[in-house]
Each structure stands twice: as C-alpha cells, then as structure tokens.
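Worksheet for the structure shown next.
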Amino acid sequence: MKFNFLNKQKNRAVNHQNAKAYKMTPEMELYTAVVTTGLNDTYYDSGNERLQRIKQLMAKCDPEFVARLAVYARTQMNLRSVPLMLSVELAKKATGNSIVSKTVGNVIQRADEITELLAYYQTANGRTGTKKLNRLSKQVQRGLVVSFNKFDEYQFSKYNRKTDVQLRDALFLVHPKAKDESQQLLFDKIAGNTLATPYTWETELSALGRQKFASAADKTSAITAKWEELILSKKIGYMAMMRNLRNILEANVSGAHIGMVCDYLSNEKAVMGSRQLPFRFLSAYREVKNLTSGYTTAVLSALEDAVMHSAKNIKGFGYSTSVVIACDVSGSMQKTVSAKSTVQLYDVGLMLGMLLQSQCKNVVSGMFGDTWKIINMPARNVLANVMEYHKREGEVGYSTNGYLVIDDLIKRKVVIDKVMLFTDVQLWNSNFNMHSFEGRWKRYKAMAPNAKLYLFDLGGHGTTPLDIRRDDVHLIAGWSDKIFEILHSLDEAGDALARINAIEL
Numbered sequence: 295m296k297f298n299f300l301n302k303q304k305n306r307a308v309n310h311q312n313a314k315a316y317k318m319t320p321e322m323e324l325y326t327a328v329v330t331t332g333l334n335d336t337y338y339d340s341g342n343e344r345l346q347r348i349k350q351l352m353a354k355c356d357p358e359f360v361a362r363l364a365v366y367a368r369t370q371m372n373l374r375s376v377p378l379m380l381s382v383e384l385a386k387k388a389t390g391n392s393i394v395s396k397t398v399g400n401v402i403q404r405a406d407e408i409t410e411l412l413a414y415y416q417t418a419n420g421r422t423g424t425k426k427l428n429r430l431s432k433q434v435q436r437g438l439v440v441s442f443n444k445f446d447e448y449q450f451s452k453y454n455r456k457t458d459v460q461l462r463d464a465l466f467l468v469h470p471k472a473k474d475e476s477q478q479l480l481f482d483k484i485a486g487n488t489l490a491t492p493y494t495w496e497t498e499l500s501a502l503g504r505q506k507f508a509s510a511a512d513k514t515s516a517i518t519a520k521w522e523e524l525i526l527s528k529k530i531g532y533m534a535m536m537r538n539l540r541n542i543l544e545a546n547v548s549g550a551h552i553g554m555v556c557d558y559l560s561n562e563k564a565v566m567g568s569r570q571l572p573f574r575f576l577s578a579y580r581e582v583k584n585l586t587s588g589y590t591t592a593v594l595s596a597l598e599d600a601v602m603h604s605a606k607n608i609k610g611f612g613y614s615t616s617v618v619i620a621c622d623v624s625g626s627m628q629k630t631v632s633a634k635s636t637v638q639l640y641d642v643g644l645m646l647g648m649l650l651q652s653q654c655k656n657v658v659s660g661m662f663g664d665t666w667k668i669i670n671m672p673a674r675n676v677l678a679n680v681m682e683y684h685k686r687e688g689e690v691g692y693s694t695n696g697y698l699v700i701d702d703l704i705k706r707k708v709v710i711d712k713v714m715l716f717t718d719v720q721l722w723n724s725n726f727n728m729h730s731f732e733g734r735w736k737r738y739k740a741m742a743p744n745a746k747l748y749l750f751d752l753g754g755h756g757t758t759p760l761d762i763r764r765d766d767v768h769l770i771a772g773w774s775d776k777i778f779e780i781l782h783s784l785d786e787a788g789d790a791l792a793r794i795n796a797i798e799l
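My numbering puts the first residue of the sequence shown at 295, with every later residue one more than the last.
This is the structure in structure tokens:
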C-alpha cells in the first residue's frame with residue numbers, strides 16, 4: 295500500500311503489547327476495523343469500544359468512502375451488522391446527501407435487514423417512548439423504499455418475526471410505493487398481518503413440536519419423516535443445512551436423503567451462491583465430527599469438497615512461486631468471533647491459511663507463538679488440517695513472536711517469493727533479544743530483495759508492526775475468502791482501498 299505521509303514520526307505508534315508499531319491512515323484503519331468485527335467483544339476492545347472507534351474513524355473519512363465501505367462490507371465481505379451500523383451513522387454525518395439512500399438500498403440484502411436497520415436507528419438516535427422511530431431520516435426512508443421493492447411474499451414472511459421493530463411497523467413508517475398491483479396486495483398483507491406462513495424448516499418443526507404423539511417412538515418417527523420431507527423439498531437454505539447437520543444425522547434419515555444433503559453441500563454452484571464465511575464450514579465440521587452415525591464420514595467429506603470449491607478464487611500460486619504461510623496462535627488470537635460462536639480468531643487465521651495452502655504448489659506452513667514451528671499438511675483436507683493445527687497450538691506457546699518466521703528464513707538462507715502471516719498484527723518479541731519484526735524483515739530483504747510480505751489482519755486494532763508504505767509490504771484485512779481476490783489484485787497493482795473506492799453506489 296502506498297500512502298502520502300508528510301512526517302514519518304507522526305506515523306509511529308505502539309501496539310497493545312507496547313511494541314513499536316505504525317499508524318494507518320484513517321481510511322485504512324476504518325477498513326480493517328470494519329471487516330474484522332461483528333460488533334462483539336474482541337480481545338482488546340469491548341463491543342462498545344469498537345463501535346465508538348469506528349464512529350470516530352468515520353468522522354475522519356470522506357462520507358463517500360464510508361458509503362462504499364458499507365456496501366463493500368455487505369456485498370463483498372458478506373458481513374451483516376456492521377454495514378447496517380455504518381449506513382445509520384452515515385445518515386448522521388451526511389444529512390440530506392443522496393449517498394445515504396443509495397447505501398441503504400445496496401446494503402440491505404435480506405428482508406429482515408429492514409427491521410434490523412431500524413432497530414439500530416432508534417438505538418443510535420436515543421429514541422424512547424411509544425414513537426421511537428418518528429422523524430426518520432428522509433434519505434434512510436428513501437433507501438428503505440428501494441429495499442421494500444426487492445422482496446417477495448416468501449422472503450417477507452420468512453423474516454416476519456416478533457422483534458422490537460416488526461415488519462408491519464417498518465411498512466407504516468417507510469410508506470413504500472408499490473410497483474404494481476400484486477405488490478400492493480403484498481403490502482396489504484404485511485399491514486394486516488396476513489402473510490402466508492412460509493414453508494421453512496423452522497415453521498415445519500415448530501408445528502410438529504405442537505403435535506401430540508402416542509409414544510416417544512412415534513414422535514421420533516415423525517421427526518425422521520419431517521426431515522426427509524424437508525430435504526426432498528429443497529427449500530432448506532445452504533446455511534440452514536450446515537447448521538442442521540447434527541439434527542439431520544441424529545434424526546436417522548435414510549441414506550438416500552443423506553446423499554441428497556451431501557450432493558447439495560458439495561455442489562459448486564450452491565457453495566458459491568451461499569456466500570459463507572470460511573469459518574462457517576469449520577463450525578459445521580466440528581459439530582458433526584464426533585457423531586456416531588455411519589454417515590458422518592460422508593458429510594465431513596462433502597464439507598471438505600465445499601471448502602475446496604470456495605478456494606478456487608485463489609490465483610497465482612503455481613510451482614514457480616514459493617510461499618511461507620505462518621498462522622498466529624497467540625493468546626490474543628484465542629477470542630471467539632462472536633458471543634455464540636465456538637470459532638476463535640486464530641481458527642479464522644488457520645482456516646484462511648489452510649485455504650491458501652490448498653492452492654499452493656511450493657509452500658511451507660506453520661504456526662507461531664513463543665516459537666515458530668513448521669507443520670506441513672496435505673493440500674486437500676483443509677478442515678481436517680485446521681483441526682490438527684488446533685490440537686497442536688500449545689506446542690508453540692502463546693506469545694506473538696512473528697519475527698521468528700523471518701529469522702528462520704535468514705538462518706536457513708532460504709529465498710522465498712511471498713511470506714504470509716495470518717495474525718491480529720499485535721506482534722512483539724517476548725525474548726527481548728532486540729530482534730524486532732521490522733528489523734528482521736529489513737535484514738531478510740537484503741538477502742531476498744524480491745520477497746514480498748503480506749499481513750492478513752484479523753483483529754483490526756489499527757497498527758502494523760512495520761511501515762506498509764513500502765512496496766514490498768501489504769496489509770489485507772477480513773475474515774472472508776474474498777481477501778484472496780485482493781491478494782491477487784495486489785500483484786496487478788491494486789489494493790483493498792482501490793477496490794472499495796471502485797464500488798458503485
């Protein structure tokens with residue numbers, strides 16, 4: 295990344311370990327903070343602190359950049375909560391600006407995001423009392439009008455929940471204009487709470503749960519039949535299928551139905567259309583791995599096939615390109631990505647690292663903490679590799695001695711084309727031997743002048759261990775496999791901020 299700094303000293307900082315670090319530009323810092331948060335607690339920031347920091351960074355950035363970042367985070371990084379928050383906060387900063395309505399219209403990709411945005415709007419604006427949503431921003435309203443015209447009855451009914459802000463409330467507040475007679479009938483159903491009950495796994499199982507059965511065996515048989523019916527209906531979405539793999543296996547559905555599930559999970563078109571964050575596959579894999587069903591192996595294999603499809607966007611790593619992949623398993627990385635998740639930040643790093651390794655032909659991979667350890671794995675079994683790394687993280691300790699990755703290359707006198715670190719970028723030296731990450735990299739560059747360093751920022755804390763203005767050091771942030779598209783664009787003279795600024799509103 296190239297930035298125009300007038301004073302090098304103003305770029306100096308320290309990270310959370312009080313190690314020497316460099317500040318980012320406000321745009322880069324906002325980008326890294328946004329794409330590495332689900333508004334849950336992180337190791338160094340509480341959710342509220344992260345939210346406040348994002349709002350402060352927004353004030354330092356051009357509103358159009360913020361607008362494009364919100365759309366990028368939703369449509370490219372597949373995040374949901376943060377883009378909604380950015381849209382609402384943008385409305386405060388850019389009152390009357392049409393970019394707000396364009397942002398809202400682009401960010402809302404699911405029917406329930408209409409009500410989620412309004413719920414955040416009333417909280418962010420301190421609204422209380424019976425009319426929490428009165429005096430809605432005109433630009434937000436216009437964006438929501440566009441959003442109401444995106445969805446059909448099934449999509450509205452699927453997300454018509456009894457939340458604080460309901461779909462009916464949103465309709466009365468926004469007053470969308472129907473584009474035709476059939477849509478007016480749909481809006482009338484929303485207003486009258488007469489939307490058809492959607493056929494979903496939730497509604498079907500809920501209805502089954504209200505039935506009376508003569509015996510426990512009859513109930514078990516009915517649950518099995520219902521899951522088989524749902525699988526045959528092909529109306530279970532990809533994420534819902536992954537989340538219910540345990541339930542499906544424990545329902546003892548037939549082998550033919552398991553075959554349909556596996557075919558769906560491993561279907562390339564379905565995988566690419568699902569837009570799942572890579573760690574979602576890991577969550578599903580962990581959920582079923584220890585089940586006693588005879589079909590467990592088939593399901594695990596289907597998930598591995600699915601992950602390999604998602605890795606196909608990784609380009610530029612043939613036999614002629616040598617790569618080192620180093621995953622940070624330090625204490626600061628062992629924080630779950632959300633309150634309800636069992637996936638930790640270092641799992642995200644391991645997942646992305648193993649995805650990348652699966653597409654490399656000339657690669658060394660490993661993990662670092664107190665020490666750096668090379669642990670090469672087969673390219674094919676991405677999820678199994680992550681599980682193996684997870685079991686072995688204690689072998690390297692819990693510091694953040696990333697400099698040892700570079701030190702090892704220097705000692706072995708190995709020239710590498712690309713060095714990749716998956717980390718929260720809070721690197722330091724717990725050995726106190728005066729070897730900094732920056733110093734080791736400069737030493738290595740003298741030995742390997744064409745080598746490039748890529749820091750995959752998974753924490754978004756706002757500093758880097760060395761100056762990313764240099765042409766041979768690049769910073770990429772986020773939890774999505776889309777980061778590999780940015781990686782490829784870097785070699786084509788592009789970068790993350792360029793991709794964001796290219797977003798059309």
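Each residue gets a CB set at the ideal place from its N, CA and C atoms; glycine is no exception.
Could you check whether the Cβ of valine 547 sits closer than 8 Å to any heavy atom belonging to the ligand SAM? Of ligands this structure carries none, so the ligand SAM is not represented either.
According to DSSP, simplified to helix, strand and coil, what is serine 635? As a working note, residue 635 is residue 341 in the sequence shown. Coil at serine 635, not helix or strand.
Per the DSSP calculation, threonine 630 is bridged to which residue(s)? As a first step, residue 630 is located in the sequence shown; it is residue number 336 there, counting from the start. As DSSP reads the structure, threonine 630 sits in a beta bridge with Gln638.
Given this structure, state the Cα-to-Cα distance separating valine 328 from threonine 514, to the nearest angstrom. Numbered from 1 along the sequence shown, position 34 holds the residue referred to as residue 328. Numbered from 1 along the sequence shown, position 220 holds the residue referred to as residue 514. Cα to Cα, valine 328 sits roughly 45 Å from threonine 514.
Among Leu749, Asn679, Gln449, which one has its Cα closest to the Cα of glutamate 598? Locating residue 598 in the sequence shown gives position 304, counting from the first residue. Answer by Cα proximity: Asn679.
Is serine 568 helix, strand or coil when you go by DSSP? As a first step, residue 568 must be located in the sequence shown, where it is residue number 274. Residue state for serine 568 is assigned as helix, using DSSP reduced to three classes.
Which runs of the alpha helix (DSSP H), 4 residues or longer, sit entirely within the stretch 653-711? Counting only runs of 4 or more residues that sit fully inside the stretch 653-711, the alpha helix (DSSP H) segments are 676-686, 697-706, in chain order.
Separation of alanine 385 from asparagine 725, as counted between CA atoms: Along the sequence shown, read from residue 1 onward, the residue named residue 725 stands at position 431. Along the sequence shown, read from residue 1 onward, the residue named residue 385 stands at position 91. The straight-line gap separating the alpha-carbon atoms of asparagine 725 and alanine 385 is approximately 48 Å.
Helix or strand or just coil, what does DSSP make of leucine 559? Locating residue 559 in the sequence shown gives position 265, counting from the first residue. DSSP, reduced to helix, strand and coil, places leucine 559 within a helical segment of the structure shown.
With distances taken from CA atoms, which of Leu345, Ile348, Ala353, Lys396 is nearest arginine 362? Reading the sequence shown from its first residue, position 68 is the one you call residue 362. The shortest C-alpha to C-alpha distance from arginine 362 to any of Leu345, Ile348, Ala353, Lys396 is the one to Lys396.
So which of Ser632, Met371, Thr717, Asp557 has the shortest CA-CA distance to leucine 571? Numbered from its first residue, the sequence shown carries residue 571 at position 277. When only C-alpha atoms are compared, the closest one is Met371.
Let me know the beta strand (DSSP E) ranges lying completely inside the stretch 364-426, each 3 residues or longer, listed in chain order. Correct list: empty.
Pop quiz: alanine 534 and tryptophan 495 are said to be a contact at Cβ under 8 Å. What is the actual Cβ separation, rounded to whole angstroms? Taking the sequence shown and counting its residues from 1, one reaches residue 534 at position 240. Taking the sequence shown and counting its residues from 1, one reaches residue 495 at position 201. Contact holds; Cβ gap of about 6 Å.
Can you give the Cα-Cα distance for glycine 358 and threonine 457, rounded to whole angstroms? Numbered from its first residue, the sequence shown carries residue 358 at position 64. Numbered from its first residue, the sequence shown carries residue 457 at position 163. The residue you asked about is not glycine; residue 358 is glutamate in the sequence shown. Spanning the alpha carbons of glutamate 358 and threonine 457 requires a straight line of approximately 32 Å.
Residue range of the alpha helix (DSSP H) that includes valine 434: The residue you call residue 434 lines up with position 140 of the sequence shown. It spans 432-442 - the alpha helix (DSSP H) in which valine 434 sits, taken as one unbroken run.
Under 6 Å Cβ to Cβ from glycine 647, same chain only, skipping five residues before and after it: list those, please. Counting from 1 along the sequence shown, the entry for residue 647 is found at position 353. Listed in chain order, the non-local C-beta contacts of glycine 647 below 6 Å within the same chain comprise Ile619, Cys621, Phe716, local neighbours out to five positions each way being set aside.
What is the rounded straight-line gap between the Cα of asparagine 695 and the Cα of glycine 625? For the purposes of this step, residue 695 is identified with residue 401 of the sequence shown, where counting begins at 1. For the purposes of this step, residue 625 is identified with residue 331 of the sequence shown, where counting begins at 1. If you take the alpha carbons of asparagine 695 and glycine 625, they lie about 12 Å apart.
Relative to the C-alpha of methionine 602, which candidate in Lys563, Asn400, Pro377 has its C-alpha closest? Counting from one through the sequence shown, the residue named residue 602 turns up at place 308. Checked all of Lys563, Asn400, Pro377; the closest Cα to methionine 602 is Lys563.
Select from Arg404, Leu639, Asn342 the residue whose C-alpha is nearest the C-alpha of arginine 368. Here residue 368 corresponds to residue number 74 of the sequence shown, with the count starting at 1. The residue with the shortest Cα to Cα distance from arginine 368 is Arg404.
Can you grab the Cα-Cα spacing for the pair alanine 792 / serine 783, in whole Å? As a position in the sequence shown, residue 792 is number 498, starting the count at 1. As a position in the sequence shown, residue 783 is number 489, starting the count at 1. For alanine 792 and serine 783, the distance between alpha carbons rounds to 10 Å.
Test item: CB-CB of valine 719 and threonine 758 under 9 Å: By one-based count along the sequence shown, residue 719 stands at place 425. By one-based count along the sequence shown, residue 758 stands at place 464. The criterion of a C-beta distance shorter than 9 Å is satisfied by valine 719 and threonine 758.
Any beta carbon from chain B within less than 9 Å of phenylalanine 716's own beta carbon? Here chain B cannot be found, since the structure has a single protein chain.
Segment limits, alpha helix (DSSP H) that includes isoleucine 525: Here residue 525 corresponds to residue number 231 of the sequence shown, with the count starting at 1. Unbroken alpha helix (DSSP H) run through isoleucine 525: 510-527.
Using the three-state DSSP reduction, which class does leucine 799 fall into: helix, strand or coil? For this step, residue 799 is matched to residue 505 along the sequence shown. If DSSP states are grouped into helix, strand and coil, leucine 799 belongs with coil.
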